[in-house]
Structures are given as C-alpha cells and as structure tokens.
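Here is the structure we will look at, set down as structure tokens.
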Amino acid sequence: MNIAVLIRQVPDLAEELEVADGGTELDREYLTWVVNEFDDHALEEALQLKDSTGGTVTVLGLGTDDIDEALFTALAKGADRAVKVGAVDGPVDSHGAAAAFAEALQNESFDLILTGVQAINDVDGQVGPLVAVRLGLPHVSVVTHIAPADDGTTVTVNQEYAGGVLAEFQVTLPAVLGVQAARAVPRYAPVSRVRQLMKTATLESAAVDVAAAGGLAILRMSPPEGSGHAEMIEGDADAVVERLAGILGDRGLLPG
Amino acid sequence: MSRDRGLAKVDGVIEKEDVVIEGVDISGSWNRMLEPRVLSDYSTDTMDWITGLEGGESLRWCYQCAKCVPVCPVEHVGSYGPRKIVRKVQLGNNLLEDPDLWLCTSCAACLRVCPKAVDMTRIMPAVREQAVLEGAIPQELAAAFENLQRQGNPMGEAARKRPDWTKDAGVEVPIIGKLKRPVDVLWYVSDYTSYHPRGKDAARAMARVLTALEVDYAILGGEERSDGDSVRLAGETGLFEMLAEKNIKALGKYEFNQLVVMDPHAYNAFKNHYPALGGGGDYEVLHYTQYLARHLDRLAPLLETPVEINLTYHDPCYLGRHNGEYEAPRRLLEAIPGVTLTEMPHYKATGFCCGGGGGGMWLDGLVAEHTSERLSERRVREAVATGATTLAVCCPYEPSRFEDAVKSTDNDGNLDVADIIELIARSMRLEGEAAA
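So the sequences go chain by chain: A and B.
Per the numbering used here, residue -8 is the first one in the first sequence, and the count goes up by one each step.
Per the numbering used here, residue 21 is the first one in the second sequence, and the count goes up by one each step.
Written out as structure tokens, the structure is:
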C-alpha cells in the first residue's frame, strides 16, 4: 500500500504566544515551530501500516519555515520520500493548505492519504475534507485503527464517540483519512540519523503556489479574556460567615 | 546474536546404565553428570559485536572477578551488576531488548575497583546508541530527548525563558549578550538550576553570593542550552553533538577568563568532551565549588552568621569519582561557622550514586519497575543514619531527587536537603527576603 502523509508545522506551545501588532496574527519574532501533533500521529499510523503490510510512505510537508528539518525527521523515522510543498512565509489556513496539498497530489498516485484530524492553530479540521473534495476521493475524519482489507481495495477505520460508542467504516481506496490518534506513540527519531540524512538525503519539491488564506478571514486575535474572578474570602470564621451571608443576601438567596 | 550451541552439551553427559554399589542397584537418571564446559562453547558473536563498537572494546577484558558487584549501587537495589552484564553478553544477549541496558547510571563505582579497567561508562553508551538508532528506547527517555531537541532543556520549557529565574534573584544578573564587554567569569547556570522550582533556589543564592563577592560575571541567558552530558551517556550521540555545537557557538561569541558551572555533568562535558568537538578556548572550566574554594580568603570573612547544623555531604559522581574533586566542597562546608560535617560510610571515592546520572533522571518509571527502591532513597537512609539533619549537595539533580526520597522514605522532618551555595548564602544572610 502506498501512503501519502500530509504534515504542517504549528507554533510550539512551550513559548508564550503573543499577538502581533495589528491583532490578526501571532508575533513571529520568538515563535518556534513543531510538527502538528495530529500529523505526527498520521505519520506514525502510516509507518505502522507500512511495517505490517509493506508499501511506501511519502511525506508531503507544507513549505513553511523549518519544514526541511521536519521532513528529514520523517525520513529518519522510516518514510521513503519527502516532498516539500511550495514555499511560504508564515501561517497558512486550512483552505490554503488543502489547495496546495491537492495540487501537489494531482500527479501522484496513492492508495491512502493521511493527515492529522486538525491542528492547534486551525481547529476547523478541514484540510482532510478539502483535499478529498479537490481530488474527488472519499473521506472519513477523526479515525483510529486503520485496517486494510486483504484484497487491498478497502480499509476499515474506527470513529470514537462519547459514552464508549464506536463506529466502524469501510472506505474504498484511494481515500483521504483524518487521523485522530495512531495505534502507538509516535516514534522517536534519533538526531544522529536526522543529521546524517541532512547530509545524504534529498528532499523533493512540488512547485505549487501556496495561498496563505483561502476561506477564512481572521478579524481579530487576542488572548482569552477573563470574564469573572473568584473572590477569596479572608478572615476568621465570623468574618467569613458575615461576608458569605452578605453575598447570598445581595443575590436575594436568603429569606427576608 | 544466536547461540550456536545449547546450554547443556549433550556429548558431555556422563551417565552409567548400571550402577551396583555394595550389592545395591542404584541405576537411574539421577546419577547423570555433566562434564565441565568452557567459554569457547558459546558463540562469541554478541561479544564481538559489542567490542566492535567504539567505546565497547573493554567489555571483553573482564575476567569475572566480581569486584564490581558489591560496589555497583544498582546491585544494592536489584539484580543488575557489571559482571552480570558481561555474562549475559557471553550467553548471546545483545542487551538491546534488556531493561538492564538502561539501569546503569554511569557512576563509575565499578571502574574504580576493576583490575581490568572494564569501562561501563563507555560500554553502556555505545550499546545504548545502537538502541537509539533502532528506535528501541523507553518512551519517557524519548520524551526528554524530544524536549532537548526542541528547546534545549529536558523539561521542554521555552529556551528564551531560561533566564526567567533572574527576576526573583534580588540582584541584577547580567546577561553577556547585552553586556557587550568581556567578563572575568561566565557562569553556566544549567537546566535544573534554571528551570526547576527547587533548582532555582541555588541559582538565586549563587547570583547573590557572586554579587556580594563583587565578581565580574555574566550568564548566557537564552543562548544557553543543556550541556548534554547525560544525553551522551544515554546513547543519543547526535543530540549531544547538536547541543554541544550550540553551546560552543554561543561561548565562542564572548570573551571571558573562567567558565564556572553549577552542574558536575556540565563540568564533565565542557572539560572532557567539548574539546573534541571544537569547544574550549582560553578559558578555564571550574565547578562553582572549586571557584569559590579558590576565593575562600575573600569569601570566609563574609560567612558571618553561624549555621548551626550537623550535616553530611553527598559527593556527586561526576565531580568526585569522574573528575577527582572531593576537597573543594568540603572546604566550603568547613568554612561555614556552626557547621559540623559528619561523613557517610560511602563518601569521596566510594560515594553512592543518587540514580540521576547517565539518563537515570529521565528513566524513573523503568528504573522503578526493575529495582526495589530508588538509589536516592538508599542514599537518604544512609544520610539519616549518620545523625545529620541536613544533606548538603552541589549537583542540580540532587535537591529534587533527595527531597522526594526524604518524603518517600518517611523521613520528612528528619533531613533537609540544601545545595552548598544555599548554605553559604544563609551564612552571608543572603537568603530569602533578607537579600531582596
């Protein structure tokens, strides 16, 4: 089975994120980037499928800042090919990313296209569905446990619901899947191997134009605003009781 | 690494079919004897593989005298021991799937007594590197490695928050990149001292002491990265090199006379391993206890307030056994008025490892599964038994490790843990609000 995995970078939450002047994007001065955690799970699931059923894994990375390192890391984990999709400075929304990925996939042939179900900076979860629509392929989102049928024409996938309810879908290949979680914790890529590959391996590139936005307009970005505060009641028991009675009285909760 | 012969050598069985002694027939399988076997009965493939690794060479020198067994701290809390490792390898175990691979703390207690200089502190990292390359590493260790890759510290805190502790230092802590001039002392603060809530106490104390001594110093601030020594010992050579290159590049930008480090692991890395990677320069590397002991003539008059405690001192493996510094910390402790130093049975060259070295800091779960108790708990019991009420340390791994061990061994209230620099600050009345 030949699998494509679509990966993107997102801001590393270890940094304290700040909104840039203008109020519509993050301040990028101190921003560091990491691979979207869900995409990392999609890659792990693809590598697990390759380990169990054979085939190849091709990673397509949206061409933002440090994507080269992320692609070499994917190769170090066991991917066979790594393709840099376009070149773009700064964040790209799900519509822009999906359009670029779809164009890069246009002339490729894969049985399965996996991507993370969503990203922390883009929680609409639309990359998978939009890629599927553009390529005219079936799509299932929020999946786990991808299991290929023996004849290689379909896979079954699980979707988890609240209350322990599980749905199983059968999907005709080729298909696009939005991965919720891999069957194993994403594997560690040894730095020795990543650095070795940086010297010896070559990244392919797909020359596509990446539009930063395609469907969503950010009107305003701000840290969450506190809507209320807890009052810590200090003092001895009598003082606390008096304050509590006062609060309850103010709200009309004590009998007159 | 398969054995080419089974454990029992079938053609070496001696069994008589009929045995009649004094008229009694005692024939039976119980009279079977096995001929003694020799080492050449085993395949040497696995031993050859390990001794073929850079650093693994000395494993074959072992002649099974077992001097390492009683001194290995892990042997005290489990069934691991260097001699047993050799035996396992002789029997065809390449260690890659064996939890024993991760139990060695690289404390070098075995190397000290080994008549053949079998060096587990090189053998283990060499085999671990192979496990790292195969991806066969414990998940908790992989998590620490990933944090170190991304942010240059094992906790995964933002690299640029590294100097955040200075805000509560109570004194100005100069950052060399902003100072734009040479300094006498560049102070390498290290990971746990910069980020760990308990480690930061030592950082603040050090800043206050250096300021009171009017030392011309600065720190690297956000440019500093983990020294990587424990990463190297845990087998992630590539990550160690990456961290070292970043530190070497940062250090190379500035002029200073001495590099003073808080962490014995950093001391070991800067002094013994960075030069091979192009590090080092016209500066001297000193552990902070060595630096302060050298300036004891200026420090001693400032140690005015008695600290009336009976304490014992824990020798960090990487300051003591690995680098031979036993006296500087003791000279500082003895200079503090009021302090009585009582030694533990394991002290100086026989110092007992806390369990944090060689990657142990990031393998607590795995170690707990394969040992009866943490080495830090063993050590705390030993410290309490001396009658001391304070355990003095000078490695940033220790305060949190030993304080946890004090609680888990029900010794809360019996033993305080303090970095030597905190005790010095206390004697100089530079602790807490007094300094602010």
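Built from N, CA and C at the ideal position, the CB exists for glycine as well.
- Interface annotation, ASP3 of chain A: in contact with chain B, CB-CB separation under 8 Å.
- At a cut-off of 8 Å, the C-beta of GLN150 of chain B has no neighbouring C-beta in chain A.
- Look at PRO215 of chain A: its C-beta is not under 8 Å from any C-beta on chain B.
- By the rule that beta-carbons nearer than 8 Å mark a contact, GLU6 of chain A touches chain B.
- Using a Cβ distance threshold of 8 Å, LEU323 of chain B and ALA412 of chain B do not count as a contacting pair.
- In the structure shown, the three-state DSSP call for GLY219 of chain A is coil.
- Taking a C-beta cut-off of 7 Å against chain A, none of the residues of the stretch 124 to 148 of chain B qualify.
- Just measuring C-alpha positions, the residue of B:MET448, B:GLY241, B:THR71 sitting nearest ALA146 of chain B is B:THR71.
- Residues of the stretch 177 to 203 of chain B that bring their beta carbon within less than 9 Å of a beta carbon in chain A comprise GLU177, ALA178, ALA179, ARG180, LYS181, in sequence order.
- Rounded to the nearest whole angstrom, the CA to CA distance from ASN112 of chain A to GLY77 of chain A is 20 Å.
- Put simply, the CB of ARG178 of chain A is near chain B, with a gap under 8 Å to one of its CB atoms.
- Selection B:ALA86, B:ASP221, B:VAL404, B:ALA227 evaluated against VAL106 of chain B yields B:ALA86 as nearest (Cα-Cα).
- Cβ contact annotation for LEU131 of chain B (same chain, cutoff 6 Å, sequence separation greater than five): ASP139, in chain order.
- DSSP places THR257 of chain B inside the alpha helix (DSSP H), whose first and last residues are 257 to 272.
- Residues of the stretch 125 to 156 of chain A whose Cβ lies closer than 9 Å to any Cβ of chain B: none.
- With respect to the 8 Å criterion, SER78 of chain B and ALA151 of chain B are not classified as neighbours on the basis of their beta carbons.
- Here DSSP, grouped into helix, strand and coil, assigns ASN288 of chain B to helix.
- Taking the Cβ atoms as the reference, VAL131 of chain A lies roughly 10 Å from VAL108 of chain A, outside the contact range of under 8 Å.
- Restricting attention to B:LEU450, B:GLU442, B:LEU230, B:GLU243, the CA atom closest to the CA of ASP211 of chain B is found in B:GLU243.
- Beta-bridge pairing by DSSP links GLU159 of chain A to A:ASN149.
- Near chain B, meaning a CB-to-CB distance below 7 Å, no residue of the stretch 214 to 235 of chain A qualifies.
- Among the residues facing chain A, GLY155 of chain B is included, as its CB has a counterpart in that chain under 8 Å away.
- In the same chain as SER85 of chain A, and ignoring 5 residues on each side of it, the C-beta atoms closer than 6 Å to its own belong to ASP113, ASP115, GLN117, VAL118, in chain order.
- For GLY376 of chain B, the closest of B:TYR346, B:MET448, B:ASP283, B:TYR294 by C-alpha to C-alpha distance is B:ASP283.
- Excluding five sequence positions before and after GLU60 of chain A, none of the CB atoms of its chain fall closer than 7 Å to its own CB.
- When secondary structure is reduced to three states using DSSP, GLY176 of chain B falls in the coil class, being assigned neither helix nor strand.
- ALA33 of chain A is a Cβ neighbour of LEU105 of chain A, given a cutoff of 8 Å.
- For the alpha helix (DSSP H) assignment, the stretch 34 to 65 of chain A encloses no uninterrupted run of at least 4 residues.
- Non-local C-beta neighbours of ARG446 of chain B in its own chain, meaning closer than 6 Å and more than five positions away in sequence, comprise VAL327, ordered along the chain.
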